[in-house]
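Asker: Have a look at this one.
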């Protein structure tokens, strides 16, 4: 199965002329969806060279490896839409937990706010983890909303379970969309019908055993290390006809493959020979709804490939940016 067909079931005239700037662009899994929705991505930036190299190979040769905190706003081109999935570690329960006080990445949301205030795009899209709306972090999240509103944007936000929108994994993420066009407010797409939602089988059931077929990009190896105490604290395996657990940025913390079935790691507490393997990189990309044409070069270290399998699922980026294009290209306010 090539999940690109998930991106083309929606009917929309994509001949719009909207442009985009992709901040904290990662390897480009989200950009697959933006591009499929018809956007011309003018500029992208990330602080990881291997992510930028992957982005340029798969999306277009316009990503740059820069530290955005040192990047002058004048170096970033004007565009209709700016998007940012600023680093989630400060706000994640699995991250530092320091929120805006995180010395490395806590201020990047404010960086994007200031960039939008300076550049005044027609709209913006933000994605982050559920934890950004927690009791501890909500004052910062709410201050972002208030600041965007004060800058002339109508702001909508929603906690989305990506599974409800055609992504074969249980992935809860917060999305915020702001629109500067007077009289227009973004409305999030409706979830798809339950019977149309996808399972692990739908996404990866046709892939061969990675040890038997090396012809598929990024599908010849999987993480073989042991389990941490945090990993063994809860169930890590979903079955073939269920959606996967969240695809995270650490191979060590990845969900388990559905076979052998009904394997509860909490009953074992250590690695055993009959334990299910972790997902391969290709399986992670499929579960992120990236097409098989999207791939990492073999020169990129295996563990770093897994880091960049995380991010906005291609289908979610497609659906939200498609709906945004419909709104801001429609002259009827």
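Numbering (this note's numbering), first residue to last: 96 to 428. We put the beta carbon where it would ideally sit given N, CA and C, even for glycine. Since the model is a prediction, treat every value here as computed from it, not as a measurement.
Going by CA-CA distance only, name the one from 312, 293, 362 and 287 that's closest to residue 328.
Answerer: Looking up residue 328 in the chain shown gives position 233. Ranking the options by Cα distance to residue 328, first place goes to 362.
Asker: Let me check understanding here. Comparing Cα to Cα, which of 390, 228, 314 and 423 lies closest to residue 127?
Answerer: One-based indexing of the chain shown puts residue 127 at position 32. Of the listed residues, the one whose Cα sits closest to residue 127 is 390.
Asker: Determine the extent of the beta strand (DSSP E) in which residue 242 is found, giving its start and end residues.
Answerer: On the chain shown, residue 242 is found 147 positions in, with the first residue counted as 1. Premise fails: residue 242 lies in the alpha helix (DSSP H), 233 to 245, not in any beta strand (DSSP E).
Asker: Thinking just about the alpha-carbon of each residue, which of 220, 152 and 372 is nearest to the one in residue 358?
Answerer: For the purposes of this step, residue 358 is taken as the residue at position 263 of the chain shown. Comparing Cα positions, the closest option is 372.
Asker: Given this structure, state the Cα-to-Cα distance separating residue 398 from residue 313, to the nearest angstrom.
Answerer: For this step, residue 398 is matched to residue 303 along the chain shown. For this step, residue 313 is matched to residue 218 along the chain shown. Their Cα atoms are separated by approximately 12 Å.
Asker: Excluding the 5 residues flanking residue 330 on each side, which residues of the same chain have their C-beta closer than 6 Å to its C-beta?
Answerer: Within the chain shown, the letter at position 235 stands for residue 330. Cβ neighbours of residue 330 beyond the five flanking positions: 359.
Asker: Which word fits residue 149, buried or exposed, when buried means at least 16 other C-beta atoms lie within 10 angstroms of its C-beta?
Answerer: Counting from 1 along the chain shown, the entry for residue 149 is found at position 54. With 16 or more other Cβ atoms within 10 Å, it is buried.
Asker: Are the region 342 to 353 and the region 411 to 424 in contact at 8 Å, needing three or more beta carbon pairs?
Answerer: These segments do not touch.
Asker: What are the boundary residues of the alpha helix (DSSP H) that includes residue 149?
Answerer: What you label residue 149 is simply residue 54 of the chain shown in a count that begins at 1. Counting along the chain, the alpha helix (DSSP H) containing residue 149 begins and ends at 144 to 153.
Asker: Could you pull out every unbroken alpha helix (DSSP H) segment of at least 4 residues lying fully inside the region 294 to 333, listed in chain order?
Answerer: Within the region 294 to 333, the complete alpha helix (DSSP H) runs of at least 4 residues are 295 to 299.
Asker: Measure the alpha-carbon distance for residue 385 versus residue 216 and round it to whole angstroms.
Answerer: As a working note, residue 385 is residue 290 in the chain shown. As a working note, residue 216 is residue 121 in the chain shown. The alpha-carbon atoms of residue 385 and residue 216 are separated by roughly 27 Å.
Asker: Report yes if the CB atom of residue 263 is closer than 7 Å to the CB atom of residue 291, and no otherwise.
Answerer: As a first step, residue 263 must be located in the chain shown, where it is residue number 168. As a first step, residue 291 must be located in the chain shown, where it is residue number 196. In this structure, residue 291 does not lie closer than 7 Å to residue 263 by Cβ.
Asker: If we call anything under 7 Å between Cβ atoms a contact, is residue 113 one with residue 284?
Answerer: As a first step, residue 113 must be located in the chain shown, where it is residue number 18. As a first step, residue 284 must be located in the chain shown, where it is residue number 189. No.
Asker: For the region 264 to 277 against the region 299 to 316, are there 3 or more C-beta pairs whose distance is under 8 Å?
Answerer: No contact exists between the region 264 to 277 and the region 299 to 316.
Asker: Does the separation of the CB atoms of residue 222 and residue 281 fall below 7 Å?
Answerer: Numbered from 1 along the chain shown, position 127 holds the residue referred to as residue 222. Numbered from 1 along the chain shown, position 186 holds the residue referred to as residue 281. No, these two residues do not count as a Cβ contact at 7 Å.
Asker: Quick one: Cα of residue 164 to Cα of residue 204, how far?
Answerer: Start at 1 with the first residue of the chain shown, and residue 164 comes out as number 69. Start at 1 with the first residue of the chain shown, and residue 204 comes out as number 109. About 11 Å.
Asker: When you compare the CB positions of residue 179 and residue 115, do they come within less than 7 Å of one another, or not?
Answerer: Your numbering for residue 179 matches position 84 in the chain shown. Your numbering for residue 115 matches position 20 in the chain shown. No; because the gap between Cβ atoms is not below 7 Å, this pair is not in contact.
Asker: Among the candidates 122, 316 and 351, whose CA atom is the shortest distance from the CA of residue 322?
Answerer: Stepping through the chain shown from its first residue, residue 322 is reached at position 227. When each option's Cα is compared against that of residue 322, the closest is 351.
Asker: Give the secondary structure of residue 352 by DSSP, where H, G and I count as helix, E and B as strand, and everything else as coil.
Answerer: In the chain shown, residue 352 corresponds to position 257, counting from 1. Coil, per DSSP.
Asker: Between which two residues does the beta strand (DSSP E) holding residue 254 run?
Answerer: Here the question's residue 254 lines up with position 159 in the chain shown. Start and end: 249 to 256.
Asker: Can you have a look at residue 198 and say buried or exposed, based on whether 16 or more other CB atoms are within 10 angstroms of its CB?
Answerer: Taking the first residue of the chain shown as position 1, residue 198 is located at position 103. Because residue 198 carries a pLDDT of 40, less than 50, the predicted location of this residue cannot be relied on, and the following value inherits that uncertainty. Residue 198 is exposed by the Cβ-count criterion.
Asker: Can the beta-carbon of residue 158 be found closer than 7 Å to that of residue 139?
Answerer: On the chain shown, residue 158 is found 63 positions in, with the first residue counted as 1. On the chain shown, residue 139 is found 44 positions in, with the first residue counted as 1. Cβ distance < 7 Å, so residue 158 and residue 139 count as in contact.
Asker: Kindly indicate which three-state DSSP category residue 198 falls into: helix, strand or coil?
Answerer: Here residue 198 refers to the residue found at position 103 when the chain shown is read from its first residue. Below a pLDDT of 50, predicted positions are generally treated as unreliable, and residue 198, at 40, falls in that range; no measurement from the model is reported.
Asker: Answer with buried or exposed for residue 201, where buried requires no fewer than 16 other C-beta atoms within 10 angstroms of its C-beta.
Answerer: Position 106 of the chain shown, counted from the first residue, corresponds to residue 201. In this prediction, residue 201 scores a pLDDT of 49, lower than 50, which makes its location untrustworthy; the coordinate-derived value is nonetheless stated afterwards. By the 10 Å Cβ count, residue 201 comes out buried.
Asker: Whose C-alpha, out of 239, 218, 146 and 129, is nearest the C-alpha of residue 392?
Answerer: Position 297 of the chain shown holds residue 392. The shortest Cα separation from residue 392 among 239, 218, 146 and 129 belongs to 146.
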